[in-house]
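Asks: Encoded as structure tokens, here's the structure I'll be asking about.
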Amino acid sequence: LNRRLAGFGTTIFAEMSALAARTGSINLGQGFPDTDGPEEIREAAVRALRAGHGNQYPPGPGIPELRTAVADHQKRFYGLTWSPDTEVLVTAGATEAIAASLLALVEPGDEVIAFEPYYDSYAACIAMAGGVRVPLTLRAPAFRPDLDELRSLITPRTRLLLLNSPHNPTGTVLTPEELSGIAALAVEHDLLVVTDEVYEHLVFEGSHHPIAALPGMRERTVSISSAGKTYAYTGWKIGWVTGDAPLVTAVRSAKQYLTFVSGGPFQYAIAEALNLPDTFFTEFRASMRRKRDLLAEGLRSAGFRVYEPAGTYFVTTDISPFGEEDAYAFCRALPERCGVAAVPVSVFYDDPEAGRSQVRFTFCKREDVLEEAVERLRRLG
Ligand code: PMP
Ligand code: GLN
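The opening residue of the sequence shown carries number 8 in full-length UniProt numbering; numbering runs sequentially from there.
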């Protein structure tokens, strides 16, 4: 492994999922649903496969139907207008979109400011691009960004702000005021913004506001989303990038040498998914909200300190009430102790002391599975 990737051996999600499988535990670690998304969308993929749509290389930027559907969706929910031809790019999940954006926009030595705890691929991709990660820590219990602190982190080497709202793992949803403050700093210091909005339809308190819609942001923002979370098809790996044409062209340059293209027939199905009526999105959110309430309440009753998430499908907790401090050790032992797997949030901080006792659980599981998990966790105390 080269020096840039030293320390990025195996992802914590793979490690904890393997442990869950080995011990036959309920896996509330890695975030993937245990129920597939809409049947009609699966049927659309089957139809595409049978009709020979996308079985050979699709067009580099993605099939026109999907690019148009992405643009229509951004218009419908946020009033943003993108040209499907030049301002939308289909990627192999949000993961590739993140990698391609950073590889395209970061020069070696550039500083990239990202919230911590951060989604694991941010740190690895900043490193692969030769950038320097500068964490803006979201601190318990509120996990809000401190804009004065953000200002103090900006230097002449700062190139890019890497945002994530709704935020994995804390569930923080940036408020319009926070977004305006961040946007003002980006404009003042002429920074680029890459914003990961994969949980855009999983907001339970307040609502999702894309930073690209704010004054001065259109020309400096690359927005990223994915079908994985909204439509519960994480294995299909259909993601996308929207932004001003020069930025999307840059990201496309990197993307074409990473995967070139991917997911042919699935692109047709997700084009249909993006056009589902508003009721689909409202019902999805309502159902996930019930799961959030069930798990958050259950974890509290089991003795965890719970940080109620406003968005995403994760709950971050603190294990100090059990008299334990080391989240990583706790998560390694948890499957043996009670048959449930979780993810230590401590590994998503640069400072190992920060978030030392934080553990993340996902609630994108059937309600009976969540109830059984809570039952098992209650035996801990
Ligand atoms: N960003 C965040 C914040 C995520 O939580 C995830 C999925 N866990 C991704 C990106 C990756 O999305 P995809 O599966 O579409 O590559
Ligand atoms: N995004 C998922 C999570 O946060 C995991 C995806 C992955 O394993 N790379 O749990």
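Cβ atoms here follow ideal geometry from the backbone N, Cα and C, with glycine treated the same way.
Should G318 be listed as close to the ligand GLN, given that the test is whether its C-beta is under 7 Å from any heavy atom?
Replies: As a first step, residue 318 is located in the sequence shown; it is residue number 311 there, counting from the start. For the ligand GLN, not one heavy atom lies less than 7 Å from the Cβ of G318.
Asks: Thinking C-beta only, is I231 closer than 8 Å to L242?
Replies: Your numbering for residue 242 matches position 235 in the sequence shown. Your numbering for residue 231 matches position 224 in the sequence shown. The question names Leu, but residue 242 in the sequence shown is Gly. Between G242 and I231, the CB-CB gap reaches or exceeds 8 Å.
Asks: Please state whether DSSP places D325 in a helix, a strand or coil.
Replies: As a working mapping, residue 325 is identified with position 318 in the sequence shown. Here D325 sits in strand by DSSP.
Asks: Is A101 a contact residue of the ligand PMP, with contact defined as CB to any heavy atom under 7 Å?
Replies: Taking the sequence shown and counting its residues from 1, the one referred to as residue 101 is at position 94. A101: yes, Cβ under 7 Å from the ligand PMP.
Asks: Nearest to A309 by alpha carbon, out of I133, P328 and R297?
Replies: Here the question's residue 309 lines up with position 302 in the sequence shown. It is P328.
Asks: Got a sec: does the ligand GLN put a non-hydrogen atom nearer than 7 Å to the Cβ of G38?
Replies: Your numbering for residue 38 matches position 31 in the sequence shown. Because some heavy atom of the ligand GLN lies under 7 Å away, the Cβ of G38 counts as near it: yes.
Asks: Thinking just about the alpha-carbon of each residue, which of P253, A234 and A25 is nearest to the one in D43?
Replies: Reading the sequence shown from its first residue, position 36 is the one you call residue 43. Of P253, A234 and A25, the residue nearest in Cα terms is A234.
Asks: Can at least three beta-carbon pairs, one atom from the stretch 297-304 and one from the stretch 368-388, be found at a separation below 8 Å?
Replies: yes
Asks: With DSSP run on the structure shown, which of helix, strand or coil describes W243?
Replies: If you number the sequence shown from 1, residue 243 lands on position 236. In the structure shown, W243 sits in a helix (DSSP, three-state: H, G or I).
Asks: Using only the alpha-carbon positions, how far apart do A220 and L87 sit?
Replies: In the sequence shown, counting from the first residue as 1, residue 220 sits at position 213. In the sequence shown, counting from the first residue as 1, residue 87 sits at position 80. When rounded, the distance between both Cα atoms is 7 Å.
Asks: Would you call the CB atoms of V248 and A27 closer than 8 Å?
Replies: Within the sequence shown, numbered from 1, the residue matching residue 248 stands at position 241. Within the sequence shown, numbered from 1, the residue matching residue 27 stands at position 20. Not a contact, by the Cβ cut-off of 8 Å.
Asks: Could you tell me whether the Cβ atoms of C345 and L384 are closer together than 8 Å?
Replies: Here residue 345 is taken as the residue at index 338 of the sequence shown, counted from 1. Here residue 384 is taken as the residue at index 377 of the sequence shown, counted from 1. Yes, these two residues count as a Cβ contact at 8 Å.
Asks: Using only the heavy atoms of the ligand GLN, determine whether one of them is closer than 7 Å to the beta carbon of F20.
Replies: Position 13 of the sequence shown, counted from the first residue, corresponds to residue 20. Checking the Cβ of F20 against the ligand GLN gives yes.
Asks: Taking C-alpha atoms, which residue in I161, E343 and E378 lies nearest to G31?
Replies: Along the sequence shown, read from residue 1 onward, the residue named residue 31 stands at position 24. Nearest C-alpha to G31: E343.
Asks: Once DSSP output is grouped into helix, strand and coil, what is the label at E207?
Replies: Position 200 of the sequence shown, counted from the start, is the residue given in the question as residue 207. E207 falls in the coil class under three-state DSSP.
Asks: Grab me the residues of A278's own chain with a C-beta within less than 6 Å of its C-beta, minus the 5 sequence neighbours each way, in chain order.
Replies: Within the sequence shown, the letter at position 271 stands for residue 278. The residues are E72, L73 and A76.
Asks: Would you mind giving the Cβ-Cβ distance between residue 2 and G69, rounded to the nearest angstrom? I have them listed as a contact below 8 Å.
Replies: There is no way to answer for residue 2, as the model of the chain reaches only from 8 to 388.
Asks: In angstroms with no decimal places, state the Cα-to-Cα distance between E123 and V201.
Replies: Within the sequence shown, numbered from 1, the residue matching residue 123 stands at position 116. Within the sequence shown, numbered from 1, the residue matching residue 201 stands at position 194. E123 and V201: Cα-Cα distance of roughly 15 Å.
Asks: What does the Cβ neighbour count give for Q63, buried or exposed, with the cut at 16 atoms within 10 Å?
Replies: Here residue 63 is taken as the residue at index 56 of the sequence shown, counted from 1. Looking at its Cβ environment, which holds fewer than 16 other Cβ atoms inside 10 Å, Q63 is exposed.
Asks: What is the residue span of the alpha helix (DSSP H) that P253 lies within?
Replies: Numbered from 1 along the sequence shown, position 246 holds the residue referred to as residue 253. Segment A252 to K262, the alpha helix (DSSP H) holding P253.
Asks: Let me check understanding here. Comparing Cα to Cα, which of E114, V141, T98 and E360 lies closest to K244?
Replies: One-based indexing of the sequence shown puts residue 244 at position 237. Nearest option by C-alpha distance: T98.
Asks: Do you know offhand how far L12's Cα is from A131's?
Replies: The sequence position of residue 12 within the sequence shown is 5, counting from 1. The sequence position of residue 131 within the sequence shown is 124, counting from 1. Approximately 7 Å between the Cα atoms of the pair.
Asks: Looking only at its chain, what residues have a beta carbon closer than 7 Å to the beta carbon of H80, apart from the 5 residues adjacent to it on each side?
Replies: The residue you call residue 80 lines up with position 73 of the sequence shown. Here the set comprises L281.
Asks: Alpha carbons only, please: which of S159, I326, P66 and F15 is nearest the one belonging to A349?
Replies: The sequence position of residue 349 within the sequence shown is 342, counting from 1. Comparing Cα-Cα distances from A349 to each of S159, I326, P66 and F15, the minimum goes to I326.
Asks: Counting C-beta neighbours from all protein chains within 10 Å, is the total for N175 16 or more, i.e. buried, or is it exposed?
Replies: Along the sequence shown, one-based indexing puts residue 175 at 168. Under this definition N175 is a buried residue.
Asks: Below 8 Å, how does it come out for the stretch 189-201 and the stretch 157-168: are there three or more Cβ pairs, yes or no?
Replies: yes
Asks: Taking 7 Å as the cut-off, is the CB of V180 close to at least one heavy atom of the ligand ATP?
Replies: This structure does not include the ligand ATP; its bound ligands are the ligand PMP and the ligand GLN.
Asks: Alpha carbon to alpha carbon, how far is I218 from G388?
Replies: Taking the first residue of the sequence shown as position 1, residue 218 is located at position 211. Taking the first residue of the sequence shown as position 1, residue 388 is located at position 381. Looking at the two C-alpha atoms, the distance is approximately 43 Å.
Asks: In angstroms with no decimal places, state the Cα-to-Cα distance between H215 and G188.
Replies: For this step, residue 215 is matched to residue 208 along the sequence shown. For this step, residue 188 is matched to residue 181 along the sequence shown. So the alpha carbons of these two residues sit roughly 16 Å apart.
Asks: Please list the terminal residues of the continuous beta strand (DSSP E) segment that includes F122.
Replies: Within the sequence shown, residue 122 is the residue found at index 115, counting from 1. E118 to E123 is the extent of the beta strand (DSSP E) around F122.
Asks: Hey, would you say the C-beta of N9 is under 7 Å away from at least one heavy atom of the ligand GLN?
Replies: In the sequence shown, the residue the question calls residue 9 occupies position 2. Every heavy atom of the ligand GLN is 7 Å or more from the Cβ of N9, so no.
Asks: Excluding the 5 residues flanking L341 on each side, which residues of the same chain have their C-beta closer than 7 Å to its C-beta?
Replies: By 1-based counting over the sequence shown, the position of residue 341 is 334. V347, A348 and A349, listed in sequence order.
Asks: Just tell me which of F15, T177 and S172 has its CA closest to the CA of L186.
Replies: Stepping through the sequence shown from its first residue, residue 186 is reached at position 179. Selected option, being the one with the closest Cα: S172.
Asks: Can you say whether L265 is buried or exposed, counting buried as having 16 or more other CB atoms within 10 angstroms of its CB?
Replies: For the purposes of this step, residue 265 is taken as residue 258 along the sequence shown, with counting starting at 1. L265 should be labelled exposed.
Asks: Between the alpha carbons of E332 and G362, how many angstroms are there, rounded?
Replies: Your numbering for residue 332 matches position 325 in the sequence shown. Your numbering for residue 362 matches position 355 in the sequence shown. If you take the alpha carbons of E332 and G362, they lie about 9 Å apart.
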